[in-house]
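S.K.: Quick one: the structure is below, questions incoming.
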Amino acid sequence: MLSTKIVGVNAWLVNPMPYAVKLEYGWSKQAPAGMVRLTLAEISSHYGR
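Here it is as structure tokens:
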């Protein structure tokens, strides 16, 4: 978890595997709601845009 807000820093989340999009859109029983979109929404709500 980030303890401070860092302004002007970009973070790239990358998964080059061919199944990454399927996992993000419901093909996983462990994370049926996806992973990246949920995490980004949580970060945005905590730290803002």
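So the sequence shown is numbered by UniProt numbering: it starts at 1 and just counts up by one.
Glycine is no exception: its CB is placed at the ideal position from the N, C-alpha and C atoms.
The structure presented is a predicted model; accordingly, all values stated were derived computationally and were not measured.
1. The alpha helix (DSSP H) spanning Ser-45 covers which residue range?
2. Quick one: Cα of Ser-28 to Cα of Asn-15, how far?
3. Can you grab the Cα-Cα spacing for the pair Tyr-47 / Val-36, in whole Å?
4. Quick check on DSSP: helix, strand or coil for Lys-22?
5. What number of angstroms, rounded off, separates the C-alpha of Tyr-25 from the C-alpha of Ser-45?
M.R.: So, from the listed chains and residues:
1. 36-47
2. 15 Å
3. 16 Å
4. helix
5. 21 Å
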